[in-house]
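A.B. asks: Input: one structure, supplied below.
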Amino acid sequence: MKKAIFLDRDGVLNEVLSHRVKFVNTPEDFYLLEGAAEAVADLSKAGYEIFVVTNQAESDWDS
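Numbering (my numbering), first residue to last: 1134 to 1196.
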């Protein structure tokens, strides 16, 4: 059986409701939290499949 972890994007991996950004609507609004990349790498090395989820509405990223 494979192990998996589902991580919420906003507030877990990226900064929100801060002085820099309130919502992530474009790639320029995405600020990775300190230590998030390393934590995800550690989980991956430990054998977990990583899934990033969000409940945010569709964005303009693909426009």
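We put the beta carbon where it would ideally sit given N, CA and C, even for glycine. Just so it is clear, the structure is predicted and the values come from calculations on it, not from any experiment.
Going by C-alpha to C-alpha distance, which of 1146, 1134 and 1141 sits closest to residue 1172?
C.D. replies: 1146
A.B. asks: Please determine, among 1135, 1134, 1143 and 1137, the residue with the shortest C-alpha to C-alpha distance to residue 1189.
C.D. replies: 1143
A.B. asks: Tell whether a beta-carbon distance below 7 Å holds between residue 1198 and residue 1148.
C.D. replies: Any property of residue 1198 remains undetermined from this structure, which presents the chain solely from 1134 to 1196.
A.B. asks: How many Å lie between residue 1158 and residue 1139 at the Cα?
C.D. replies: 21 Å
A.B. asks: Candidates 1141, 1179 and 1169: which alpha carbon is nearest residue 1187's?
C.D. replies: 1141
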